[in-house]
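Below you'll find the structure, written out as structure tokens, and then a few comments.
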Amino acid sequence: MRALTWQGTEKVSVETVPDPTIQEPTDAIVRITSTAICGSDLHLYRVLGPYIDKGDVLGHEPMGIVEEVGSAVTNLKVGDRVVVPFNISCGHCWMCRHGFQSQCETTQVKEYGTGASLFGYTKMYGQVPGGQAEYLRVPHADYGPIKVPDSGADDQWLFMSDIIPTAWQAVQYADVPEGGTLAVLGLGPVGQFAARIGKHLGYRVLAVDPEQVRRDLGAKHGIEVFDLSDDVVPQLVDLTDGRGPDGVVDAVGMEAHGNPVAGFAQRAAGLLPDKLAQKAIETAGVDRLAAVHAAIDLVRRGGTVSLSGVYGGMADPMPMMTLFDKQITIREGQCNVRRWVDDLMPLVSDPSDPLGTLDLTTHRVSLEDAPHMYSVFQKKEDGCIKVVLDPSLAPAAA
3 MRALTWQGTE KVSVETVPDP TIQEPTDAIV RITSTAICGS DLHLYRVLGP YIDKGDVLGH
63 EPMGIVEEVG SAVTNLKVGD RVVVPFNISC GHCWMCRHGF QSQCETTQVK EYGTGASLFG
123 YTKMYGQVPG GQAEYLRVPH ADYGPIKVPD SGADDQWLFM SDIIPTAWQA VQYADVPEGG
183 TLAVLGLGPV GQFAARIGKH LGYRVLAVDP EQVRRDLGAK HGIEVFDLSD DVVPQLVDLT
243 DGRGPDGVVD AVGMEAHGNP VAGFAQRAAG LLPDKLAQKA IETAGVDRLA AVHAAIDLVR
303 RGGTVSLSGV YGGMADPMPM MTLFDKQITI REGQCNVRRW VDDLMPLVSD PSDPLGTLDL
363 TTHRVSLEDA PHMYSVFQKK EDGCIKVVLD PSLAPAAA
């Protein structure tokens, strides 16, 4: 089959790799019909290469048609249309039963002391072949995949694999009171959905992003949008009776604007030999923390900062005095996708499309066009907000 593979820092290519096969009775094989490029894939593209081997298959936002099931899979049958959550969870361990599927005790990567295995996301998370491919082996298919109706465009359902549940969890974690104010930093795909979810839940939503095209899309959905400027924090504080928003979602993560020193550290770590680079990432501060620091400054006293953006440094400096003085709660972590399915399926199934699932994708291209689109997405060119790869499409003409 054809699959998008990592080949080096800022270098990916589509190669022919072996077709996946059933390895365990709880496996399924899914033929991919749509698979998205996630903002966190860009961390692999640029920063986290020391944890990837050349040839690893990337991608963790897939959906498709079940082609084969293992003998222990009774909840799926050949021909079912499914969305595959990005985290691989068993459904029966203590963590899964308590709604922490991203910490699944069955698939935790104990070698690195990390949580549940993820599709297409480094040795730290199991080095499981990802979904930017024609076919995908899905472990624990007796629990993980989400069956969806045969009707409706893929985009109606695809984002249940990651970014809609991630945005929902981020807003839930922000703990905004009824009728309160939510700020969202970053209007990439997760930020877009977080802002729309906040609006749907009846909050006043203030969102910040440096890109005009992203602000325009947010404004289209009734969000109050603001450019990233030196005075944006006091500006938003003034708009909230001088207190600040009740909750702030950081939907940016380690690729935040600002802090050129951390930017240099990220690039330098990616150029070191793998063992040295891993040590640097695991013991140093390699994150650009402009967004999380802005969230801490912005949120009202006694409020909550919800981190949905991915951070990777182990020694990032944090303003502990401010956190203590303002009595700020911080909640964060990989999304527990299956925990939120029952809350979200009525919304994505609603013909009125209250979350705008059909109004996010800016580029739908062939799998073969993925290397070019990684570059376009990273550089925010061509109005790019969300890229969906379709293995059935022919490559774009050169």
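The sequence shown maps to residues 3 to 400 in my numbering. Beta carbons are placed, not taken as given, at the ideal position from N, Cα and C, and that holds for glycine.
| Asked | Found |
| --- | --- |
| Which of helix, strand or coil DSSP assigns to Y145 | coil |
| Neighbourhood of K149 by C-beta distance below 6 Å, restricted to the same chain and skipping five residues each side | D82, V84 |
| At least three beta-carbon pairs within less than 8 Å, the stretch 352-371 to the stretch 379-397 | yes |
| From V250, R341, D355, D345, residue whose alpha carbon lies closest to that of G304 | V250 |
| Cβ-based neighbour list, A293, same chain, cut-off 6 Å, excluding 5 preceding and 5 following | L187, D252, V254, A258 |
| Alpha carbon of K79 to alpha carbon of K328, nearest angstrom | 53 Å |
| Beta strand (DSSP E) segment containing S73, residue limits | No beta strand (DSSP E) holds S73; DSSP gives it neither H nor E. |
| Outcome for P131 when other beta-carbon atoms lying within 10 angstroms are tallied against a minimum of 16 | buried |
| Terminal residues of the beta strand (DSSP E) in which G249 lies | 249-252 |
| In DSSP terms, what E63 is bridged to | E63 is not bridged to any residue. |
| D21 in three-state terms, based on DSSP | coil |
| Separation of S119 from N261, as counted between CA atoms | Model confidence at N261 stands at a pLDDT of 43, short of 50, so the residue's coordinates are unreliable and nothing is read from them. |
| Buried versus exposed call for V263 [16 or more other C-beta atoms within 10 Å across all chains shown] | The pLDDT assigned to V263 is 41, lower than 50, so where the model puts this residue is not dependable; a value taken from the coordinates is nonetheless given after this. By the neighbour-count rule (16 or more Cβ atoms within 10 Å), V263 is not buried but exposed. |
| Stretch pair the stretch 220-231 + the stretch 196-212: three plus CB contacts closer than 8 Å | yes |
| Buried/exposed call for N77, threshold 16 Cβ in 10 Å | exposed |
| Proximity below 7 Å, CB of Y145 to CB of H62 | no |
| Length at least 3, wholly inside the stretch 141-225: the beta strand (DSSP E) runs in chain order | 183-187, 206-210 |
| Proximal residues to G181 (C-beta, below 7 Å), its chain only, five neighbours per side dropped | G204 |
| Span separating the alpha-carbon of G246 from that of G128 | 40 Å |
| Spatial neighbours of V312 in its chain, beta-carbon cut-off 7 Å, leaving aside the 5 residues before and after | S42, H45, G255, M256 |
| Which of helix, strand or coil DSSP assigns to K125 | helix |
| Boundaries (first-last residue) of the beta strand (DSSP E) holding I39 | 30-39 |
| Span of the alpha helix (DSSP H) around Q237 | 234-240 |
| Distance CB(L184)-CB(A176) smaller than 7 Å | yes |
| Sequence-distant residues of the same chain with beta carbon closer than 6 Å to T331, five excluded per side | T306 |
| Residues near H295 in its chain [Cβ-Cβ closer than 8 Å; skip 5 each side] | P321 |
| Sequence-distant residues of the same chain with beta carbon closer than 6 Å to P393, five excluded per side | I34, E136, L369 |
| Integer Cβ distance of L360 from D157, believed to fall under 8 Å | 5 Å |
| W96, buried or exposed, once every other Cβ within 10 Å from all chains shown has been counted against 16 | exposed |
| Contact belief for V350 with W159 at Cβ below 8 Å, rounded distance in angstroms | 6 Å |
| Residues that DSSP places opposite Q138 in a beta bridge | First, the residue type needs correcting, since residue 138 is Leu and not Gln in the sequence shown. For L138, which the question treats as bridged, DSSP gives the partners V32. |
| Distance between beta carbons of H202 and P397, contact taken as under 8 Å | Contact doesn't hold; Cβ gap of about 37 Å is too wide. |
| Start-to-end residues for the alpha helix (DSSP H) that takes in W96 | 96-99 |
| Test: S163 CB closer than 7 Å to a CB of chain D | The chain labelled as chain D is not found in the depicted structure, where only one protein chain is given. |
| Identity of the residues DSSP links to V350 by a beta bridge | DSSP, once it has assigned bridges, lists no residue as partnering V350. |
| For P167 and W8, believed in contact at Cβ under 8 Å, the rounded distance | At roughly 25 Å, the Cβ-Cβ gap does not stay under 8 Å, so W8 and P167 are not in contact. |
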